[in-house]
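Visitor: This is the structure, below, for whatever I ask next.
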Amino acid sequence: MDDPQNPVPESAQYHLHEVLAAIEVALEPVLKRIRKLERRESQSERNHRLTSTESREARTKAWTVRKKKQRDRARKRRATPGNQDAEKRKRVLRDRKFEVLSHYGPDGKLGCSCPGCKITALELMSLDHVLGNGSEDRNAQGHRITGDNLYKRVKDAGYPPNYATMCLGCNFAKKQGRACPLAGRSHIGE
Ligand SMILES: [Zn+2]
Ligand SMILES: [Zn+2]
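In terms of this note's numbering, the sequence shown is numbered consecutively and its last residue is 641.
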C-alpha cells in the first residue's frame, strides 16, 4: 500500500538513492578534473600577479634612477651662487655663440646681417639659414637642431656657407615674409 504521507513508494525511494549514487560516481572524474583546472588557473593567476608586480617594481626602480640622474644633471647646471660647473658651462656656451655669430656677422663681426639694422647684442642674435632651409638642420632622430647644438655643428663643420647672423626681430620678419620689411633702411623709429 502506498503511504499517503509519502507519495513516492519505498521501493522507488531506494531506487532513487541508487541512481543518485551512480550519478555521483559517474561525475567524480569530471569534478576531479574541474577542481584540478580551478587549482591550475588560480596558480597561473598568482604567477601572473607576481610577475607583473615584479616588473612594475623594476620599472619604478628604473624610473627613480633615471629621475635622479636628471635631477643631478640639472643641479649641476643650475646657476646657483658658487656653482663653478654652471658658471663654466655658461661661459663656454657664450664664448661659442660669440665666436660662431661673429663669424657669420657682417665683415666677420658680431651684428645683424640685415642691411640697416644696427643691433649687436649677443643676447638678441641667432643664426639664420640664408636659403630658408633651417629645417634641414636635423639630428639623427629628425629633431631640429637649434641653439648651442647648431653653433657646435657649424663650428665643427668648418663654418659652411649659407648662414648669417641675424637679430631676432629681423629673423622673425624674414620668416613671416621672406625678407625684413626694414631691409636697407634704418631699423630705428619706424
Ligand atoms: Zn636686425
Ligand atoms: Zn631687418
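Each residue gets a CB set at the ideal place from its N, CA and C atoms; glycine is no exception.
Do the segment 561-578 and the segment 608-627 touch if we need at least three Cβ pairs shorter than 8 Å?
Guide: yes
Visitor: So, at 7 Å on beta carbons, what are the nonlocal neighbours of residue 541 in its own chain, with the 5 sequence-adjacent residues on each side left out?
Guide: 530
Visitor: Say whether the segment 589-596 touches the segment 550-567, bearing in mind that this needs 3 or more beta-carbon pairs closer than 8 Å, one atom from each stretch.
Guide: The segment 589-596 vs the segment 550-567: no contact.
Visitor: So which residues touch the region around ligand 2, with touch meaning a C-beta under 7 Å from any heavy atom?
Guide: 563, 565, 567, 568, 620, 621, 624, 631, 633, 634 and 638
Visitor: Please find out if some non-hydrogen atom of ligand 1 comes closer than 6 Å to the beta-carbon of residue 596.
Guide: no
Visitor: What do you get for residue 638, buried or exposed, if any count of 16 or more other CB atoms within 10 angstroms of its CB means buried?
Guide: buried
Visitor: Under 6 Å Cβ to Cβ from residue 570, same chain only, skipping five residues before and after it: list those, please.
Guide: 563 and 618
Visitor: Let's test the definition: count the other Cβ atoms within 10 Å of the Cβ of residue 572 and tell me whether it reaches 16, buried, or not, exposed.
Guide: exposed
Visitor: So residue 615 is in the beta strand (DSSP E); what residue range does that whole segment cover?
Guide: Unbroken beta strand (DSSP E) run through residue 615: 614-618.
Visitor: Buried or exposed: where does residue 624 fall if 16 or more other Cβ atoms within 10 Å of its Cβ makes it buried?
Guide: buried
Visitor: How would you call residue 561, buried or exposed, if buried means at least 16 neighbouring beta carbons within 10 angstroms?
Guide: buried
Visitor: From residue 627 to residue 633, what distance separates their C-alpha atoms?
Guide: 13 Å
Visitor: Can you have a look at residue 601 and say buried or exposed, based on whether 16 or more other CB atoms are within 10 angstroms of its CB?
Guide: buried
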